[in-house]
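Residue numbers (my numbering): 1254 to 1468.
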């Protein structure tokens, strides 16, 4: 989410057999991720030229703080994208959020870029495979002062997608627009009915790079 939200086990697709009547608590899943203790490693992807990439994603709990003067919980999201044999890029972002229901208030990147989110909808507590909807609408500024010109926008949408057995993928799709460029990322957690996380997958589609990461 936001830089990378969603690695164990193989990826699910529409040919697999998540029970169509089962319900899944996506709100609980994303809350558990933001509270820390979730680390997704070992995801690999190959680009159209045959280059191999890996990605890791983790969340760590931070002391509570404030965002725009309001009390907020905080989570440190760390992602590492590596092209094997070339090098790695590490990104850290502080996520400000609320729970019950989960809501992203804003994000602060290491370079100072600050995104302020407005509620677009709530994550479901009992959604079935195939359901989706809006989550948050964001406006990005160059610094935390929010006095700089707007440098981009971001939308977050949720979806519940099929997996094997009694699990499904709870996904957040981020679409970021900045200076005429569009980047899309889908981060998916493999969850059970109660929102317990046992893996995930990530896809990235941005200018010059399109990757689907899974084990």
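Every residue gets a Cβ at the ideal spot worked out from N, C-alpha and C, and that includes glycine.
(request) Would you mind stating whether residue 1332 and residue 1309 have Cβ atoms separated by less than 8 Å? (result) Position 79 of the chain shown holds residue 1332. Position 56 of the chain shown holds residue 1309. Yes; because the gap between Cβ atoms is below 8 Å, this pair is in contact.
(message) Could you tell me which whole beta strand (DSSP E) segments of length 3 or greater appear in the segment 1311 to 1379?
(response) Listed in chain order, the complete beta strand (DSSP E) runs (minimum 3 residues) inside the segment 1311 to 1379 are 1323 to 1336, 1340 to 1351, 1356 to 1362, 1367 to 1372.
(message) Ignoring anything shorter than 4 residues, give me the alpha helix (DSSP H) runs that lie fully in the segment 1277 to 1301, in order along the chain.
(response) If we require 4 residues or more, the alpha helix (DSSP H) runs fully inside the segment 1277 to 1301 come out as 1279 to 1287.
(request) Kindly indicate which three-state DSSP category residue 1436 falls into: helix, strand or coil? (result) Locating residue 1436 in the chain shown gives position 183, counting from the first residue. Strand, per DSSP.
(message) Under DSSP, the beta strand (DSSP E) around residue 1415 begins and ends at which residues?
(response) Counting from 1 along the chain shown, the entry for residue 1415 is found at position 162. Following the DSSP letters along the chain, one finds residue 1415 inside the beta strand (DSSP E) bounded by residues 1403 to 1415.
(message) By the three-class DSSP mapping on this structure, what secondary structure does residue 1467 have?
(response) The residue given as residue 1467 occupies position 214 in the chain shown. Here DSSP, grouped into helix, strand and coil, assigns residue 1467 to strand.
(request) Excluding the 5 residues preceding and the 5 following residue 1357 in the sequence, name in chain order all residues of the same chain whose CB lies nearer than 6 Å to its CB. (result) Residue 1357 sits at position 104 when you count from the first residue of the chain shown. Answer for residue 1357: 1350, 1370, 1389, listed in chain order.
(request) Tell me whether residue 1274 sits in a helix, a strand or coil according to DSSP, three-state version. (result) Translated into positions along the chain shown, residue 1274 becomes position 21. In the structure shown, residue 1274 sits in coil (DSSP, three-state: anything other than H, G, I, E or B).
(message) On the CB-based measure, 16 or more other CB atoms within 10 Å of its CB, does residue 1377 come out buried or exposed?
(response) Along the chain shown, read from residue 1 onward, the residue named residue 1377 stands at position 124. A buried status is given to residue 1377, since no fewer than 16 other beta-carbon atoms sit within 10 Å of its beta-carbon.
(message) Using 8 Å for Cβ pairs, my map puts residue 1346 next to residue 1359. What's the rounded Cβ distance?
(response) By 1-based counting over the chain shown, the position of residue 1346 is 93. By 1-based counting over the chain shown, the position of residue 1359 is 106. About 10 Å separates the two Cβ atoms, so there is no contact after all.
(request) Find out if the Cβ-Cβ distance for the pair residue 1288, residue 1311 is shorter than 8 Å. (result) Position 35 of the chain shown holds residue 1288. Position 58 of the chain shown holds residue 1311. Not closer than 8 Å, so no.
(request) Counting only the same chain and skipping the five closest in sequence on each side, list residues whose C-beta sits under 6 Å from that of residue 1317. (result) The count along the chain shown starts at 1 and reaches residue 1317 at position 64. Correct list, in chain order: 1326.
(request) Determine the burial state of residue 1291: buried for a count of at least 16 other Cβ atoms within 10 Å of its Cβ, exposed for fewer. (result) Taking the chain shown and counting its residues from 1, one reaches residue 1291 at position 38. Counting Cβ neighbours within 10 Å, residue 1291 comes out buried, since at least 16 surround it.
(request) Take every Cβ of the segment 1394 to 1403, pair it with every Cβ of the segment 1432 to 1449, and state whether three or more of those distances are shorter than 8 Å. (result) The way I'd put it, the segment 1394 to 1403 doesn't touch the segment 1432 to 1449; fewer than three beta-carbon pairs between them come closer than 8 Å.
(request) Using only alpha-carbon positions, find the residue among 1299, 1363, 1354, 1460 that is nearest to residue 1436. (result) Locating residue 1436 in the chain shown gives position 183, counting from the first residue. Here the closest residue by C-alpha is 1460.
(request) Look at the Cβ atom of residue 1276, then the Cβ atom of residue 1423, and state whether they are nearer than 8 Å. (result) Reading the chain shown from its first residue, position 23 is the one you call residue 1276. Reading the chain shown from its first residue, position 170 is the one you call residue 1423. Residue 1276 is not a Cβ neighbour of residue 1423, given a cutoff of 8 Å.
(message) Can you give me the C-alpha to C-alpha distance between residue 1451 and residue 1387, rounded to a whole angstrom?
(response) Within the chain shown, residue 1451 is the residue found at index 198, counting from 1. Within the chain shown, residue 1387 is the residue found at index 134, counting from 1. Approximately 24 Å, taken between the alpha carbons.
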